[in-house]
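Data block below; observations after.
Residue numbers (the working numbering): 512 to 755.
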């Protein structure tokens, strides 16, 4: 095992900017704004679409929720949220409601069932996502690196992603074959990221409703390649200690 890589800030002053404006504060500002405007997102296939006012666009961008969809509308803009992002805003932050095609508010349990019907592993992925978000990590898709998520210490414009995250659970087949495991570790090292495996312990049970989420635990494991060049003895140091 090696020492986990630290944050790699982008440019002079980036760290100071992040410290002066913590992600927890930005997310709280977003929460207050969405509550005030009684924001609703609506289910659309495997995503949730969110219609927001101009004031909220900047907050969504700064807090790294969703992706802006370019439209011709001037007063409103649309954001596309992943299931994890949408349910975090809806259930964990309680600052948004989700509606169906008839513009009727959908209860959290029914939203959960819908998302699970679209993606069987949604419960485990949501547990992992919310685990990191609650610790104020910015969590984005990791598909470009062959992992489930990437985690940033702050906004991606200020710092590079620090962790490449793989979600492991009872019925997961990820990293079970040595070749895949080694390849993932090598890839993470080549892009200066630490592999973080989040093992979601459901004890083989199905997560039936969001009210049961607190019953499940997440185990964190960081994995890096062992580099013999960095762990071999320093001849000069050995000689100095021997002659002391």
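Using N, Cα and C, we set each Cβ at its ideal position, and we do this for glycine too.
- Within a 10 Å sphere around the beta-carbon of residue 703 sit fewer than 16 other beta-carbons, which makes this residue exposed.
- Looking from the CA of residue 559, the closest CA among 683, 608, 665 belongs to 608.
- Under the DSSP assignment, residue 553 falls in the beta strand (DSSP E) whose first and last residues are 551 to 555.
- Around the beta-carbon of residue 720, fewer than 16 other beta-carbon atoms lie within 10 Å, marking it exposed.
- Boundaries cannot be given for residue 617, as no beta strand (DSSP E) includes it and DSSP labels it neither H nor E.
- Here the C-alpha atom of residue 621 lies approximately 25 Å from the C-alpha atom of residue 543.
- Burial is judged here by how many other beta carbons sit within 10 angstroms of a residue's own beta carbon; residue 596 has at least 16 and is buried.
- Assignment of beta-bridge partners to residue 652 by DSSP yields 660.
- Taking the Cα of residue 517 as reference, the smallest distance to any Cα among 665, 695, 677 is reached at 665.
- Contact between the segment 674 to 687 and the segment 623 to 637 is established, with three or more Cβ pairs separated by less than 8 Å.
- For residue 680, the three-state secondary structure derived from DSSP is strand.
- Per DSSP, the unbroken beta strand (DSSP E) holding residue 712 starts and ends at 705 to 712.
- Per DSSP, the unbroken beta strand (DSSP E) holding residue 562 starts and ends at 558 to 564.
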